[in-house]
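Number of protein chains: 2
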Amino acid sequence: MLPKQRQDQIVRALRADGAGGVKVLAGKLGVSEATIRRDLEQLHAEGRLTRVYGGALAVDGGDEPFADVNAIHAEEKDRIARRAAELVTDGESLLLDIGTTALRVAQHLHGRSLTVVTSNLAVLEELQNDEQIELIVLGGFVRRSYRSLVGYLTEESLRQIHVDWLFLGTSGVRPDGRVMDSTMIEVPVKRAMIKAADQVVLLADRTKFPGHGVARVCEPGELSMVVTESGADEATRAQLTEAGVKVVLA
Amino acid sequence: MLPKQRQDQIVRALRADGAGGVKVLAGKLGVSEATIRRDLEQLHAEGRLTRVYGGALAVDGGDEPFADVNAIHAEEKDRIARRAAELVTDGESLLLDIGTTALRVAQHLHGRSLTVVTSNLAVLEELQNDEQIELIVLGGFVRRSYRSLVGYLTEESLRQIHVDWLFLGTSGVRPDGRVMDSTMIEVPVKRAMIKAADQVVLLADRTKFPGHGVARVCEPGELSMVVTESGADEATRAQLTEAGVKVVLA
DNA sequence: GCAGGCTCGATCAAACTCGTTCATGAATCT
DNA sequence: AGATTCATGAACGAGTTTGATCGAGCCTGC
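Quick mapping for you: the protein sequence lines, in order, are chains A and B.
For the first sequence, full-length UniProt numbering assigns the number 1 to the initial residue and increments by one for each residue that follows.
For the second sequence, full-length UniProt numbering assigns the number 1 to the initial residue and increments by one for each residue that follows.
Right, here's the structure in full:
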């Protein structure tokens, strides 16, 4: 990427988020923090952003809280996401589900050569400026509360593609191994996603074992792998293993 | 290949990708980096691209988005966008094209009860938090430099929907009334958009009359209306009127 | 108000890019 | 045929960008 392009993207990223930390920007754009600092200095001199300690603010909407920049990550959930990201080899394609779980996976994909397909608007924002990643957005109706795309357009788009990996979130896994979800409207999309992937990986921290949900997404047999953590209910894990699902502890 | 041909191709490549590095262009065109540098120097002198360290950027010519330097005709372009937004009645659906022109229309839609369909990521960002608006995103490959979605997924999504209004941007309208675009890759998407709308409205400020572009988007007869401003070339306007297009001055 | 962790700018070496120069070969002119 | 023009690629020194490192300064929690 050209230096000028990178600087344009920094400005764009700040417009989207209101603010950005040096470390975050460096990760997003795949360069060192030193380079980001130099860019910020230059852009500040040009009046295209406001430099602050730890990062920069967008120049117009500069009243956003900067606290988010140093937000603390939920360490455990992040470990699961990191483990999931390690499963994928460069050059492969993956499908990221709706929800924060999938967003966390996306955060670990920066700088890698991958094709990412998603209906998750938070993932789109996260990876929008990452040149390395070929990003494909599924169509659909914007569901603001969940920052996602749903509906028949999404399902139709899924029928047009096929990927190596699917990373699926869930509201909970029932004791018999069935994967559940709390919102009906997402279920047809999740089913279509399962059909569009070779490997279906479920991401679920220990609080999802066992868990509830009104809508059944799929049977355990439809999963290839479950990434979870130690502390997840033994019986449910056994049920999954029996169904031929590989259970990985992050 | 002739030098002129090669230079045209460089300009075309930049329009498609937004920017290009010397090394990348040399590889693409099968010549040495020295030759590319000489070409870039010459094209820069002709104003057909912007030279930057490491390569070149596409020049702001067509309905080219997000180059940050478009504060020039902002006032006039905004008047056209406002006029366009007034055409739509609450409860109706509209399709917004790629580009800054469509983004400006979106900025005038806040708070209204409408269904907005788009493949423009800037429009998505603009309307994402507007509860009143039902927002539908077309699928597709993310084209970062233009903040848009393109490709067969986009076209396929367009086949699934139909809207009342389409607001179309352009790089220029030829003297015979043909609507042109500067980037080939957008054309199939724009054609699919035209098919998916009852009323096709072209938005074009006076600098687009007459204008050029490598790719033909549609014949004047396919348009329902053109919103422009006084000062736009009379002859071209007459040509449009003759083709049955209503020409509105903002 | 103190300690520990971050962030900062400065500095340096390595990698990259730039414009210039020169030699080569093809096409055109004399 | 010989001379001239022109585009091209290789080579080179100068200038630019980048990432790593380091000491100084700033923030936060105790």
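Glycine residues also receive a C-beta, built at the ideal position from the N, C-alpha and C atoms.
Buried versus exposed call for Asp63 (chain A) [16 or more other C-beta atoms within 10 Å across all chains shown]: Per-residue confidence for Asp63 (chain A) stands at a pLDDT of 33, beneath the threshold of 50, marking its modelled position as unreliable; the derived number appears in the next sentence. When all chains shown are included, Asp63 (chain A) counts as exposed.
Local Cβ density within 10 Å of Tyr146 (chain B), reported as buried at 16 or more and exposed below that: Flag for Tyr146 (chain B) reads buried.
Residue from B:Gly151, B:Thr236, B:Thr115 whose Cα sits closest to the Cα of Asp176 (chain B): Among B:Gly151, B:Thr236, B:Thr115, the Cα nearest to that of Asp176 (chain B) is on B:Thr236.
Ser171 (chain B) in three-state terms, based on DSSP: coil
Glu125 (chain B) classed as buried or exposed, judged by whether at least 16 other C-beta atoms fall within 10 angstroms: buried
Cβ-based contacts, 8 Å cut-off: residues of the region 86-99 of chain A near chain B: Listed in sequence order: no entries.
Contact set for Ser93 (chain B): own chain, Cβ-Cβ below 6 Å, skip 5 residues either direction: Thr115, Val163, Asp164
Start and end residues, alpha helix (DSSP H) containing Arg51 (chain A): From DSSP, Arg51 (chain A) is part of no alpha helix (DSSP H) but of the beta strand (DSSP E) over 49-52.
Inter-residue spacing [alpha-carbon to alpha-carbon] between Ala84 (chain B) and Arg206 (chain B): 15 Å
Boundaries of the beta strand (DSSP E) in which Gly140 (chain B) is found, first to last residue: For Gly140 (chain B), the enclosing beta strand (DSSP E) covers residues 140-143.
Separation of Leu223 (chain A) from Ser182 (chain A), as counted between CA atoms: 19 Å
Distance between Thr100 (chain A) and Arg112 (chain A) (C-alpha atoms, nearest Å): The alpha-carbon atoms of Arg112 (chain A) and Thr100 (chain A) are separated by roughly 20 Å.
Residues bridged to Leu87 (chain A) (per DSSP): For Leu87 (chain A), which the question treats as bridged, DSSP gives no partner whatsoever.
Status (buried if at least 16 other CB within 10 Å, exposed otherwise) for Val173 (chain A): buried
DSSP-derived helix/strand/coil call for Asp205 (chain B): coil
Three-way DSSP call (helix, strand, coil) for Ile194 (chain B) in this model: helix
Neighbour-count burial assignment, Ile192 (chain B), 16 or more Cβ in a 10 Å radius: Note on identity: in this sequence residue 192 (chain B) is Ala, with Ile being the wrong assignment. So Ala192 (chain B) counts as buried.
Every unbroken alpha helix (DSSP H) within the UniProt domain "HTH deoR-type" (3-58) of chain A, with a cutoff of 4 residues, ordered by chain: 3-17, 22-29, 33-45
Contacts of Leu135 (chain B) in chain A (Cβ-Cβ under 7 Å): Val142
Exposure label - Met180 (chain A); buried when at least 16 CB within 10 Å: Classified as buried, Met180 (chain A) has 16 or more neighbouring CB atoms from the shown chains inside 10 Å of its CB.
Best match in B:Val201, B:Gly213, B:Asp233 for proximity to Gly221 (chain B) [C-alpha to C-alpha]: B:Val201
Whole-angstrom C-beta distance between Leu109 (chain B) and Leu127 (chain B), which should lie under 8 Å: 7 Å
Neighbour list for Gly27 (chain A) in chain B, Cβ cutoff strictly below 7 Å: Per Cβ cutoff of 7 Å: no residues; Gly27 (chain A) is ~17 Å from chain B at best.
Chain B contact residues for Glu156 (chain A), given Cβ-Cβ distances below 8 Å: Glu156, Ser157, Gln160
Contact set between Gly47 (chain B) and chain A, taken where Cβ atoms lie within less than 8 Å: Simply none; closest approach about 17 Å.
Cβ-based burial, Ala34 (chain B) [other Cβ within 10 Å; buried from 16]: exposed
Cβ distance (whole Å) where Val214 (chain B) is taken to contact Arg12 (chain B) below 8 Å: So it is a contact: roughly 7 Å between Cβ atoms.
Coil, strand or helix - Asp181 (chain B) by DSSP: strand
Rounded C-alpha distance that separates Ala229 (chain B) from Cys218 (chain B): Contrary to the premise, residue 229 (chain B) reads as Glu rather than Ala in this sequence. Their Cα atoms are separated by approximately 21 Å.
Beta-carbon proximity check, Gly54 (chain B) vs Pro3 (chain A), cutoff 8 Å: In this structure, the beta-carbon distance from Gly54 (chain B) to Pro3 (chain A) falls below 8 Å.
Residues that Met225 (chain A) bridges to, as DSSP identifies them: A:Val201, A:Lys246
Euclidean distance between Cα positions of Ile36 (chain B) and Asp39 (chain A): 27 Å
Min CB distance Gln128 (chain B) to chain A below 8 Å: At least one chain A Cβ lies under 8 Å of Gln128 (chain B).
Under 8 Å between C-beta atoms of Leu168 (chain A) and Lys190 (chain A): yes
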